[in-house]
Every structure is written in structure tokens, then in C-alpha cells.
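Note sheet for the following structure.
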Amino acid sequence: MNALDHDLLTAARTGDTDGVRTAIEGGARVDVRDEELRTPLLLAVHGDRVEAARLLVAAGADPDAQDRREESPWLATGVTGSVAMLHVLLPAGPDLTLRNRFGGIALIPASERGHVA
Numbered sequence: 001m002n003a004l005d006h007d008l009l010t011a012a013r014t015g016d017t018d019g020v021r022t023a024i025e026g027g028a029r030v031d032v033r034d035e036e037l038r039t040p041l042l043l044a045v046h047g048d049r050v051e052a053a054r055l056l057v058a059a060g061a062d063p064d065a066q067d068r069r070e071e072s073p074w075l076a077t078g079v080t081g082s083v084a085m086l087h088v089l090l091p092a093g094p095d096l097t098l099r100n101r102f103g104g105i106a107l108i109p110a111s112e113r114g115h116v117a
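Okay, so the sequence shown: first residue is 1 according to this note's numbering, each after it adds one.
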């Protein structure tokens, strides 16, 4: 992993939108993976870093990229229940039938946690 990729992962995790923008413009890979195979977009979703996620999606980040535990940005949004993040990820065309390691789609953890009206 090069320095720009590392910077992008860090910026996405912390919600540093200037850092995300700078790393992308500098040539960082938007779907770079950390040691757990998490992408910058997944890290942004975990922290509800909506603006960082918006920049990553605009740069072509994959909402379906699964990590070592078979979690993806799309599936994680079902867990967090962030409506703002849902609005960021839906236009990116996530696979609505993508399954997690338990065989469930994003709607299942969303409903289990009361995120569905």
C-alpha cells in the first residue's frame, strides 16, 4: 500500500473530507483495502461519515466491496440505519440482494434494529 492509499483510508475513517479529496486527486485507489479488506467507503459508512462517503462514491467506490467478514458498505448501512448514508449509496447502484456472512440482505439487520418503518 502506498502513502496516498494509506492517507485515503485514514481520511475516510475519520471523515476528513479534505484528506479524502486530496488523496483521490493525488491518485489514491478508491477501493484500496486495509488489513481486514475494508475499503475507504466501508470505513466511512462505519463512522457515518456521509460527506466522505459522498466523495468516494462520486469517485467510483464500490458499494458492494466485501471485507474479510463479508460486510460491505451497503450491508453496513442496513446495520447503522443511516438514512443520509442510504441516500449516498443508492445512486451508486448497490446489489440489493448482496448477502452477509449470515446469509442476510441489508434489510434484515435494518429491521432487526428497528430502522425500518
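Glycine residues also receive a C-beta, built at the ideal position from the N, C-alpha and C atoms.
If you're wondering where the values come from, they're calculated on a predicted model, not measured in any experiment.
- Minimum Cα-Cα distance from Arg38 among the listed residues Pro63, His87, Ala84 corresponds to Pro63.
- For Ile105, no alpha helix (DSSP H) encloses it, and the DSSP letter there is neither H nor E.
- Spanning the alpha carbons of Thr22 and Val83 requires a straight line of approximately 27 Å.
- The beta carbons of Leu56 and Leu41 sit closer together than 8 Å.
- Counting C-beta atoms within 10 angstroms of its own C-beta, Thr77 has 16 or more neighbours from the protein chains shown and is therefore classed as buried.
- Annotation: Met1 is outside any alpha helix (DSSP H) and is labelled neither H nor E by DSSP.
- In this structure, DSSP gives Leu37 a state outside helix and strand, which the three-state scheme calls coil.
- Straight through space, the alpha carbons of Ala65 and Ser72 are spaced by roughly 5 Å.
- Glu70 has its alpha-carbon roughly 14 Å from the corresponding atom of His46.
- CA-to-CA, the gap between Thr17 and Ala28 works out to about 14 Å.
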